[in-house]
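*Asks:* Residue numbers (our numbering): 104 to 431.
Can you read through this structure? Questions will come right after.
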Ligand SMILES: [Fe+2]
C-alpha cells in the first residue's frame with residue numbers, strides 16, 4: 104500500500120494538536136478555475152464541513168478540525184490538475200462558516216488547483232437561499248452563473264445536479280429533471296464525449312442509517328435511473344454520508360461511489376447480511392477513515408485510488424481502495 108506523509112499543519116494556519124484554525128483571511132477568497140480544462144488527475148473530496156454545535160452537544164459527534172486540514176493539505180501536496188468538492192463545504196451557509204472554509208482551503212488555493220464545487224444541504228442552511236448561494240459564488244466565481252450543470256473535462260463530461268430538493272421549488276426540480284434527461288441524451292450523441300460522470304451531493308444508494316431532508320428514493324428516481332439508462336454514463340459520485348462506499352450496479356456494471364470523508368463527523372455503514380444494498384464492492388469495516396480520492400484519466404478508463412487517513416498525529420494516508428471505471 105502506498106502511503107503519503109503529511110507535514111506540518113501549523114504552516115497552513117491550523118494547530119493540529121488543538122485542532123484550531125489560527126486565522127481567517129479577510130474577505131471571501133476565490134478559488135482557481137481554468138476554462139478548457141482536460142485534467143488527467145482529479146482529486147475528489149466530500150463534506151469538509153465542521154461539526155455543528157448541536158451535533159456535538161446532543162449527539163456527541165466529534166469536531167475533526169485537524170483531520171479536515173490534513174485531508175486538504177494532502178490534496179494540495181498530491182498536486183492534482185483539478186479538485187471536485189461534492190458539497191457541504193460549510194456547516195451553515197453564513198459568512199463566518201465560509202471564512203473558516205477560506206482558511207482551510209489555503210494550501211489548495213496557494214497551489215493554484217482549479218476547484219469545482221457543488222452545493223450540499225449544509226451549504227443552504229443558516230441564511231436565506233440567495234445569501235447562501237452568494238457566499239458559495241464568492242468562493243467559486245466561475246460557477247456564479249450556473250452552480251450545477253455540465254462541465255466538459257476533455258473527453259470526460261462531468262454533469263452535476265442539485266439534489267437539495269427541500270431548498271428548491273417544484274418548478275426548479277422539474278426543470279432540472281428535464282434538462283438532465285436532455286443533457287444525457289446530447290452527451291450520448293456527442294462524438295467527442297467518451298465517458299459521462301454524474302454527481303449529486305446526496306447518494307441514491309447507501310448502507311448508512313442516514314436521516315436526510317432529501318428523500319434518497321427521489322434521488323434514485325430522478326437521477327440514478329436515467330444515469331443507468333444512458334449509454335456513456337459510467338460513474339455516479341456523491342457525498343453527504345460521512346463515510347466511503349462503492350457499489351457496482353448489477354447488469355450494467357456502472358459504479359456508484361459515496362465519498363464524504365473530508366472532515367464531517369463520521370457515520371457508520373451497515374455491513375451485516377441485512378444491509379439495504381448488497382452490491383457493495385467495498386466492505387472494510389463499519390466506521391471508515393477520513394479520505395479523499397484521486398482519479399487518473401486514461402484512454403480507456405478512470406483509475407481511482409482512495410487515500411485514507413490512518414494515523415492521527417503522524418497524519419499518514421494509505422491507499423484504501425483501488426478500482427477502475429472502464430469506458431470505450
Ligand atoms: Fe449533506
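All C-beta atoms in this analysis are idealised placements derived from N, C-alpha and C, irrespective of residue type, glycine included.
1) Once you ignore the five residues that flank residue 415 on each side, which residues in its own chain have a CB closer than 8 Å to its CB?
2) In whole angstroms, what is the alpha-carbon distance linking residue 366 and residue 152?
3) I think residue 341 touches residue 189, with their Cβ atoms under 8 Å apart; what is that distance to the nearest whole Å?
4) Quick one, are the C-beta atoms of residue 343 and residue 364 less than 7 Å apart?
5) Give a yes or no on whether the minimum CB-CB distance between residue 264 and chain D is below 7 Å.
6) Do you know offhand how far residue 411's Cα is from residue 143's?
7) Can you tell me whether residue 430 is buried or exposed, with buried defined as 16 or more other CB within 10 angstroms of its CB?
8) Taking the alpha-carbon positions, what's the residue 355 to residue 224 distance?
9) What is the rounded straight-line gap between the Cα of residue 106 and the Cα of residue 275?
10) Tell me which same chain residues have a C-beta within less than 8 Å of the C-beta of residue 283, skipping the five on either side of it?
11) What three-state label does DSSP hand residue 374 in the structure shown?
12) According to DSSP, simplified to helix, strand and coil, what is residue 216?
13) Note down the Cα distance separating residue 422 from residue 175, rounded to an integer number of angstroms.
14) Report all residues from its chain with a CB closer than 6 Å to the CB of residue 194; omit the five preceding and five following residues, and keep chain order.
15) Between the alpha carbons of residue 127 and residue 209, how many angstroms are there, rounded?
16) Ligand 1 and residue 224: does any heavy atom of the ligand fall closer than 6 Å to the residue's C-beta?
17) At which residue ranges does the segment 185-230 contain complete beta strand (DSSP E) runs of 3 or more residues, listed in the order of the chain?
18) Hey, which unbroken runs of the beta strand (DSSP E) at 3 residues or more fall wholly within the segment 125-191?
19) Can you tell me which residues form a DSSP beta bridge with residue 408?
20) Determine whether the beta carbon atoms of residue 147 and residue 396 lie at a separation below 7 Å.
21) For residue 48 and residue 233, what's the separation of their Cα atoms in angstroms?
22) Quick check on the burial criterion: 16 or more other C-beta atoms within 10 angstroms. Buried or exposed for residue 254?
23) Below 8 Å on the Cβ atoms is my contact criterion, and I expect residue 384 with residue 351 to pass it. Report the Cβ-Cβ distance as a whole number of Å.
24) According to DSSP, is residue 380 helix, strand or coil?
25) Figure out for me which residue from 303, 240 and 286 has the closest Cα to the Cα of residue 196.
*Replies:* Reading from the atomic positions:
1) Within the chain shown, the letter at position 312 stands for residue 415. Hits under 8 Å: 169 and 170.
2) The residue given as residue 366 occupies position 263 in the chain shown. The residue given as residue 152 occupies position 49 in the chain shown. C-alpha separation (whole angstroms): 6 Å.
3) Counting from 1 along the chain shown, the entry for residue 341 is found at position 238. Counting from 1 along the chain shown, the entry for residue 189 is found at position 86. Between residue 189 and residue 341 the Cβ distance is about 6 Å, and since that is below 8 Å, they are a contact.
4) Locating residue 343 in the chain shown gives position 240, where the first residue counts as 1. Locating residue 364 in the chain shown gives position 261, where the first residue counts as 1. Not a contact, by the Cβ cut-off of 7 Å.
5) Considering every chain present, this structure includes no chain D. It has just one protein chain.
6) Within the chain shown, numbered from 1, the residue matching residue 411 stands at position 308. Within the chain shown, numbered from 1, the residue matching residue 143 stands at position 40. Looking at the two C-alpha atoms, the distance is approximately 21 Å.
7) What you label residue 430 is simply residue 327 of the chain shown in a count that begins at 1. With 16 or more other CB atoms across the displayed protein chains lying within 10 angstroms of its CB, residue 430 is buried.
8) Counting from 1 along the chain shown, the entry for residue 355 is found at position 252. Counting from 1 along the chain shown, the entry for residue 224 is found at position 121. Taking the straight line from one Cα to the other gives about 30 Å.
9) As a first step, residue 106 is located in the chain shown; it is residue number 3 there, counting from the start. As a first step, residue 275 is located in the chain shown; it is residue number 172 there, counting from the start. For residue 106, the pLDDT reaches just 39, beneath the cut-off of 50, and the residue's location in the model is therefore unreliable, leaving the point undetermined.
10) Here the question's residue 283 lines up with position 180 in the chain shown. Hits under 8 Å: 262, 264, 325, 326 and 329.
11) As a position in the chain shown, residue 374 is number 271, starting the count at 1. Here residue 374 sits in coil by DSSP.
12) Walking along the chain shown from the start, residue 216 turns up at place 113. It is coil, neither helix nor strand.
13) Here residue 422 refers to the residue found at position 319 when the chain shown is read from its first residue. Here residue 175 refers to the residue found at position 72 when the chain shown is read from its first residue. Going from the Cα of residue 422 to the Cα of residue 175 covers about 16 Å.
14) Taking the first residue of the chain shown as 1, we reach residue 194 at position 91. Only 152, 153, 155, 200 and 225 meet the Cβ criterion.
15) Within the chain shown, residue 127 is the residue found at index 24, counting from 1. Within the chain shown, residue 209 is the residue found at index 106, counting from 1. In this prediction, residue 127 has a pLDDT of 43, which is less than 50 and means its spatial position is unreliable; what the coordinates show is noted afterwards. One C-alpha to the other measures close to 10 Å.
16) The residue labelled residue 224 in the question sits at position 121 within the chain shown. Yes, the Cβ of residue 224 comes within 6 Å of a heavy atom of ligand 1.
17) 185-188 and 218-220
18) 144-148 and 185-188
19) In the chain shown, counting from the first residue as 1, residue 408 sits at position 305. Residue pairing by DSSP places residue 408 opposite 397 and 425 in a beta bridge.
20) Within the chain shown, the letter at position 44 stands for residue 147. Within the chain shown, the letter at position 293 stands for residue 396. Yes, these two residues count as a Cβ contact at 7 Å.
21) Nothing in the structure corresponds to residue 48, since the chain is present only between 104 and 431.
22) Stepping through the chain shown from its first residue, residue 254 is reached at position 151. It counts as buried.
23) By 1-based counting over the chain shown, the position of residue 384 is 281. By 1-based counting over the chain shown, the position of residue 351 is 248. Residue 384 to residue 351, Cβ: 5 Å. Contact.
24) In the chain shown, counting from the first residue as 1, residue 380 sits at position 277. Per DSSP, reduced to three states, the secondary structure at residue 380 is coil, with no helix or strand assignment.
25) The count along the chain shown starts at 1 and reaches residue 196 at position 93. That would be 240, whose Cα lies nearest to the Cα of residue 196.
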